[in-house]
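Scroll down for the structure; my scribbles are underneath it.
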Amino acid sequence: MFVLDDSLIDKIQQLKKQRRAVILAHNYQSGEVQDIADFTGDSLGLSIEASRTDAEVIVFCGVKFMAETAAILSPKKTVLLPDKHAGCPLADMINAEQLIELKQKHAGAVVVCYVNSTAEVKAESDYCCTSSNAVEVVNSIATGKEIIFVPDQHLGRHVAERTGRELILWPGYCITHIQISVEDIEKARGKYPEAVVMAHPECSESVKALADELLSTGQMLEFARNSSVKQFVIATENGIIHALKKANPGVEFIGASEKATCPNMKKITLEKIVWSLEDMQYPITVAEDISNKARKALDRMVEVLPGK
Ligand code: CIZ
Numbered sequence: 000m001f002v003l004d005d006s007l008i009d010k011i012q013q014l015k016k017q018r019r020a021v022i023l024a025h026n027y028q029s030g031e032v033q034d035i036a037d038f039t040g041d042s043l044g045l046s047i048e049a050s051r052t053d054a055e056v057i058v059f060c061g062v063k064f065m066a067e068t069a070a071i072l073s074p075k076k077t078v079l080l081p082d083k084h085a086g087c088p089l090a091d092m093i094n095a096e097q098l099i100e101l102k103q104k105h106a107g108a109v110v111v112c113y114v115n116s117t118a119e120v121k122a123e124s125d126y127c128c129t130s131s132n133a134v135e136v137v138n139s140i141a142t143g144k145e146i147i148f149v150p151d152q153h154l155g156r157h158v159a160e161r162t163g164r165e166l167i168l169w170p171g172y173c174i175t176h177i178q179i180s181v182e183d184i185e186k187a188r189g190k191y192p193e194a195v196v197m198a199h200p201e202c203s204e205s206v207k208a209l210a211d212e213l214l215s216t217g218q219m220l221e222f223a224r225n226s227s228v229k230q231f232v233i234a235t236e237n238g239i240i241h242a243l244k245k246a247n248p249g250v251e252f253i254g255a256s257e258k259a260t261c262p263n264m265k266k267i268t269l270e271k272i273v274w275s276l277e278d279m280q281y282p283i284t285v286a287e288d289i290s291n292k293a294r295k296a297l298d299r300m301v302e303v304l305p306g307k
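Here the sequence shown is numbered in numbering that gives the first Met the number 0, starting from 0 and rising by one per residue.
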């Protein structure tokens, strides 16, 4: 059945009330999904919303590890992921067995896992972090302790550089951020010489070396809000450009590469949100023993807020 967007939006609003649901959308979602959400943000912000909401149902417009995180932080709520195939290749680049093996090789090391990881990997970790508080999380660990950082090698190198700590890295990477090339940045610099280039720490080291600012999506929003710069080149998943433009009318935001579009994030559509609320699909649950262990690492992530 073909339905116009306005009626889809009405339907979502109606179903949301009926189900006592809240809609959380990640900054990498499409503009239309961000616009119907009750809260938009990065993993850290959305995790906090998920733990605070008194709604009975959380519709998580993002990828599976994010919905799992919400389910762990809000075990009594129903968490729905509108497309069960919206996964994260980066999160799947390490599993619990591989992490256990790594821990055995580095007995006594503290494990920090990026939020882009499975619940099982979080359960084997001491701390979880997002790109907005990874530096603070690592800085909060006593000096002299060995630190394992999984799964994103590029974020890991960025954190190692900012903290001056030596990290044991896992060779994971984001298939979307890695699409942004040195040529993309050089081309953008040539075309927009006045622009400030903001790049995400998940980008390759050679791309990051050409950027003016290395920031998480939440930090990009904050930086743009507090800046008088009128033109930015954005080197991260292109969904953030919608949020940046909405919050900063009159400022130009140019995506560094059309290829920086996450195929998994974009699996969530308005139609799928309607179906999700109608049929209560797809519930994301985490086994209690895994959930209880992973919550400890996540609680530490939420406690160590940026700048706190
Ligand atoms: O922390 C997040 O949500 C991710 C995956 C990226 C970012 O910078 O927001």
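For glycine and all other residues, C-beta sits at the position ideal for the given N, C-alpha and C. All figures in this text were calculated on a predicted structure; none of them were measured in a lab.
CB-CB under 6 Å to residue i, same chain, minus the five flanking residues each way: which ones, in chain order?
i: G155; result: F148, L166 and L168
i: S290; result: I71
i: M0; result: Any reading at M0 must be qualified, since the residue scores a pLDDT of 47, below 50, and its modelled position is unreliable; the value itself is stated next. Closer than 6 Å at the Cβ level, and outside the excluded window around M0, lies no residue.
i: R294; result: I71
i: D5; result: none
i: K307; result: Low confidence applies here, because K307 scores a pLDDT of 47, under 50, leaving its location unreliable and the question unanswered by this model.
i: D288; result: none
i: L145; result: In the sequence under discussion, the amino acid at residue 145 is Glu, which differs from the Leu named in the question. The residues are H105 and A108.
i: T117; result: A90
i: K292; result: A122
i: D37; result: V21 and I22
Mind checking residue i: buried by the 16 CB within 10 Å criterion, or exposed?
i: K258; result: exposed
i: G249; result: exposed
i: P262; result: exposed
i: D236; result: The question names Asp, but residue 236 in the sequence shown is Glu. Buried: at least 16 other Cβ atoms inside 10 Å.
i: V181; result: exposed
i: E277; result: exposed
i: T39; result: buried
i: D41; result: buried
i: I267; result: buried
i: A141; result: exposed
i: E100; result: exposed
i: E185; result: exposed
i: A286; result: exposed
In chain order, what residues of the same chain lie with their CB nearer than 8 Å to the CB of residue i, ignoring the 5 residues before and after it?
i: M300; result: L43, S46, V114, Y126, C127, C128, T129, N132 and V136
i: M279; result: R18, V56, T77 and L79
i: K207; result: H153, H157, A198, P200 and L213
i: G171; result: L89, M92, I93, V149, P150, D151 and Q152
i: T162; result: V134, V137 and N138
i: A246; result: L220, A223 and R224
i: A187; result: A194, V196, V232, I253 and A255
i: K102; result: A108, V110, E123 and I147
Got a sec, what are the start and stop residues for the alpha helix (DSSP H) residue i sits in?
i: E96; result: A95 to K104
i: T77; result: First-last for T77: T77 to L79, but that is the beta strand (DSSP E), not the alpha helix (DSSP H).
i: H157; result: Q152 to T162
i: A208; result: Careful: A208 lies outside any alpha helix (DSSP H) and carries neither H nor E.
i: H241; result: I239 to A246
i: M219; result: T216 to R224
i: I71; result: K63 to L72
i: Q178; result: Q178 -> no alpha helix (DSSP H), and no H or E assigned at all.
i: A24; result: Per DSSP, A24 belongs to no alpha helix (DSSP H); it is in the beta strand (DSSP E), A20 to H25.
i: I272; result: L269 to D278
i: V303; result: No alpha helix (DSSP H) holds V303; DSSP gives it neither H nor E.
In terms of alpha-carbon separation, which member of the options lies closest to residue i?
i: S50; options: A66, V62 and Q33; result: A66
i: D9; options: E270, A296, A286 and Q178; result: E270
i: A158; options: E302, V111 and R19; result: First, the residue type needs correcting, since residue 158 is Val and not Ala in the sequence shown. Taking only the C-alpha atoms, the option nearest V158 is V111.
i: V228; options: A286, D151 and E193; result: E193
i: E96; options: E123, A20 and N247; result: E123
i: P282; options: M264, T235, K63 and E201; result: K63
i: C87; options: R164, T175, I99 and A108; result: T175
i: Y27; options: A234, A286 and G163; result: A234
i: A296; options: L101, V285, Q13 and V120; result: V120
i: E251; options: L23, L209 and V196; result: V196
i: S215; options: E185, R188 and H25; result: H25
i: K83; options: C173, L23, G61 and D37; result: G61
i: G189; options: Q13, L209 and A85; result: L209
i: T284; options: A69, A85, S226 and D298; result: A69
i: L23; options: C173, M264, K292 and T260; result: M264
i: C173; options: A20, Q13, T260 and D298; result: T260
Closer than 7 Å by C-beta to residue i: which residues in its own chain qualify, once you throw out the five before and the five after it? Chain order, please.
i: Y191; result: Q230, V232 and I253
i: D183; result: A255 and S256
i: S275; result: V58, L79 and P81
i: L7; result: L269, E270 and V273
i: K75; result: none
i: V303; result: N132, E135, V136 and S139
i: Q218; result: S131
i: K16; result: none
i: S203; result: H153 and I177
Could you tell me the boundaries of the beta strand (DSSP E) in which residue i lies?
i: E251; result: E251 to G254
i: V56; result: V56 to C60
i: G40; result: F38 to G40
i: A90; result: Run containing A90: none; DSSP gives neither H nor E here.
i: M197; result: V195 to A198
i: I140; result: Per DSSP, I140 belongs to no beta strand (DSSP E) and is neither H nor E.
i: V285; result: It is not in any beta strand (DSSP E) - V285 carries neither H nor E in the DSSP assignment.
i: A234; result: Q230 to A234
Determine, using beta carbons only, whether residue i comes closer than 8 Å to chain C.
i: T52; result: Absence of chain C from the displayed structure is noted, only one protein chain being present.
Item to check | Three CB pairs or more closer than 8 Å across the region 230-250 and the region 23-43 | outcome: Yes: the two stretches touch, three or more of their Cβ pairs being nearer than 8 Å.
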